[in-house]
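Asks: Quick one: this structure, given as structure tokens, is what I'll be asking you about.
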Amino acid sequence: MLSQYQILYFFEGEGLVIMELKRLDMHEGADLAEIFHWLYLEKQSQSLIKLWFRSMDSSADIEERFFEQGYLKFNAREATFIEKYNSAQHKLINNPVDAVREEIHIIIKNYLKQP
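Residue 448 is where the sequence shown starts when you use the working numbering, and the numbers rise one by one after that.
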């Protein structure tokens, strides 16, 4: 069975995971917001929140993503997620996407089943 998605980025910290998914099961001509999903997973509760993408910037060394809920800055090794209104900052490790645990894949698959 072909996968419904591909994980493009996987950032993990002490209490949370932030990842970008590309859906592979969308029809041609689908809106980019339907194809690409940035997700915030709170590990303890396993609650998953879609981050609403607003814009991005990139240079040779640093990538930046701006969301309704906050800001993500990352390089090849690490990332920082700053919640909106600077209410919290989270240090994350940029992990290889092929090392994602099965429990995370189960959470993703359940998310994709939602209408």
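Each residue gets a CB set at the ideal place from its N, CA and C atoms; glycine is no exception.
(1) DSSP three-state label for His474, please.
(2) When you compare each of Leu463, Asp478, His484 to Lys469 by their alpha carbons, which one comes out closest?
(3) Identify the continuous beta strand (DSSP E) that holds Tyr487 and give its terminal residues.
(4) So Lys560 is in the alpha helix (DSSP H); what residue range does that whole segment cover?
(5) Look at the alpha carbon of Glu510 and the alpha carbon of Ala523, and state the distance between them as a whole number of angstroms.
(6) So what does DSSP say about Ala526, is it helix, strand or coil?
(7) I need the DSSP call for Asp504, collapsed to helix, strand or coil.
(8) By how many angstroms is the C-alpha of Ile465 removed from the C-alpha of Lys400?
(9) Could you check whether Leu486 and Leu498 sit closer than 8 Å to each other, using their CB atoms as the reference points?
(10) On a Cα-Cα basis, can you pick out the residue from Lys490, Leu463, Glu475, Lys538 that is closest to Glu525?
(11) Buried or exposed, going by whether 16 or more other CB atoms sit within 10 Å of the CB of Arg512?
(12) Taking the straight line between their C-alpha atoms, what separation do you get for Ala546 and Ser450?
Replies: Checking against the coordinates, here is how it stands:
(1) In the structure shown, His474 sits in coil (DSSP, three-state: anything other than H, G, I, E or B).
(2) Answer by Cα proximity: His484.
(3) Start and end: 483 to 489.
(4) Where Lys560 is concerned, the enclosing alpha helix (DSSP H) starts and stops at 549 to 560.
(5) Approximately 9 Å, taken between the alpha carbons.
(6) Ala526 falls in the strand class under three-state DSSP.
(7) Looking at Asp504 - three-state DSSP - the assignment turns out to be strand.
(8) Residue coverage of the chain in this structure runs from 448 to 562, which leaves residue 400 outside it and unanswerable.
(9) Contact flag set, yes.
(10) Nearest in C-alpha terms to Glu525, of all of Lys490, Leu463, Glu475, Lys538, is Lys538.
(11) Counting Cβ neighbours within 10 Å, Arg512 comes out buried, since at least 16 surround it.
(12) Straight-line Cα distance between these residues: approximately 16 Å.
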